[in-house]
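In the UniProt record's numbering, the protein residues as written are 1 to 100. I have placed the structure first, in the form of structure tokens, so that the comments after it can refer back to it.
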Amino acid sequence: MPNIRVLRDIKARQGVAANEITRHAYLFVARNQSLPSQVRYQAQLQLNLFGRYTRSITVKNRCTETGRGRGVISEFGLCRFQFRQKALAGELPGVHKASW
């Protein structure tokens with residue numbers, strides 16, 4: 001069963017992917033000083049209507065097993081402890097313990 005933090009991160013990633021182009025267009029219009037202030041104001045109002053999980057800042061790399069947000073190896077999507085456990089168990093293809 002996935003952790004609630006992992007589910008929240010998946011939801012945030014999907015929301016950002018679905019609304020990224022539209023949000024950037026509104027941001028460009030809202031920050032463009034050469035446009036009339038009424039147009040920029042309307043763009044800012046549209047930006048405020050977007051939900052929480054449409055901002056790219058809400059996406060955080062988390063371990064897919066435990067939901068831990070620190071020490072995540074992004075190539076595998078695992079925190080360092082889970083990575084080590086799975087590597088020692090031989091569950092990660094192409095990863096083996098270094099020999100002296």
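From the three backbone atoms N, C-alpha and C, an ideal C-beta is built for every residue, glycine too.
Asked, Found
"Selection from Tyr53, Phe81, Asn61, Val72 that minimises the alpha carbon distance to glutamine 14", "Tyr53"
"Residues sharing a beta bridge with leucine 79, DSSP", "Position check: residue 79 holds cysteine in this sequence, whereas leucine was assumed. For cysteine 79, which the question treats as bridged, DSSP gives the partners Val72."
"Extent of the continuous alpha helix (DSSP H) run through isoleucine 10", "4–31"
"Alpha-carbon to alpha-carbon, phenylalanine 50 and glutamine 44", "10 Å"
"Cβ separation of phenylalanine 83 and isoleucine 73, assumed to be a contact under 8 Å, to the nearest whole Å", "5 Å"
"Local conformation of valine 59 per DSSP, three classes", "coil"
"Assigned secondary structure, lysine 86 (DSSP; H/G/I helix, E/B strand, else coil)", "helix"
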